[in-house]
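Heads up: take any position in the sequence shown, counting from 1, add 86, and you land on this note's numbering.
Note that CB positions come from ideal geometry on N, CA and C, so glycine has one too.
Since the structure comes first, as structure tokens, the remarks are kept for the end.
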Amino acid sequence: MQFNVAQLLKEPIGTTRTYQLDESLTELDPDIIPLSALIGTLHLLRTHSGVLATGNFDTTLQVDCGRCMEPVSAQIEVAFEENFRPLTEVTTGRFLLPDEFEGQAEELEDFALIIDDHHILDISEVLRQSIWLSVPMVPRCVFADPDHCPNFAERIAEMDEVHADLAGTEDEPAVDPRWAALLALQPNASEEK
Ligand SMILES: [Zn+2]
Numbered sequence: 087m088q089f090n091v092a093q094l095l096k097e098p099i100g101t102t103r104t105y106q107l108d109e110s111l112t113e114l115d116p117d118i119i120p121l122s123a124l125i126g127t128l129h130l131l132r133t134h135s136g137v138l139a140t141g142n143f144d145t146t147l148q149v150d151c152g153r154c155m156e157p158v159s160a161q162i163e164v165a166f167e168e169n170f171r172p173l174t175e176v177t178t179g180r181f182l183l184p185d186e187f188e189g190q191a192e193e194l195e196d197f198a199l200i201i202d203d204h205h206i207l208d209i210s211e212v213l214r215q216s217i218w219l220s221v222p223m224v225p226r227c228v229f230a231d232p233d234h235c236p237n238f239a240e241r242i243a244e245m246d247e248v249h250a251d252l253a254g255t256e257d258e259p260a261v262d263p264r265w266a267a268l269l270a271l272q273p274n275a276s277e278e279k
């Protein structure tokens, strides 16, 4: 998701560009599973120190239900507003010095916000971080009531099974197999009864 902003950087402060995006997210992040394209608007605004990028998007991702762990789809709204700064001066190609940047220190240091020396503004990393911030903390499947969710019932049954197995082992004599051979050497082991 790269935009050549060479021309925009040559234009006066306040100049804008608007892009309607319809982008595939399949390559963005191995842990993000998109179920639809990313649809929305990106505004670029020429500022005195660079380009202010404002994005508003919708997409659908596959996430896991926080209760039954089954994959579910989540509709996500993604919004960001970030100041990108040029690495070089567009008219001369000269590298800009950090103290020529008129923005906040964290924007200066954030590699994701640099417009490279080919005047490419890349929103991928900003978008990736914004998507993670928009994913619901505890996604839920369609079953509002856990008693109605067959997958949740299955998870509970599995857990009961595990607990039953664990309880069963408690009755057996707990002898470390590495020490088992020593039991035979106990002097009164057989005579005591
Ligand atoms: Zn669920």
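query	result
Neighbourhood of ASP144 by C-beta distance below 8 Å, restricted to the same chain and skipping five residues each side	LEU124, ILE125, GLY126, GLN161, ILE162, GLU163 and VAL164
Sheet register partners of ARG103 (DSSP bridge)	LEU130
Where GLN88 falls: helix, strand or coil (DSSP)	strand
For ILE242: DSSP bridge partner residues	DSSP lists no partner for ILE242.
beta-carbon PHE229 near ligand 1 non-hydrogen atom, thresh 7 Å	yes
Inter-residue spacing [alpha-carbon to alpha-carbon] between MET87 and PRO263	60 Å
Proximity of ARG171 and LEU130 at Cβ, strictly below 8 Å	no
Beta-carbon proximity check, ILE201 vs LEU194, cutoff 8 Å	no
Distance between beta carbons of ARG226 and GLY152, contact taken as under 8 Å	7 Å
Collapsed DSSP secondary structure at ASP185 in the structure displayed	helix
Reduced DSSP category for LEU111 - H, G, I as helix; E, B as strand; rest coil	coil
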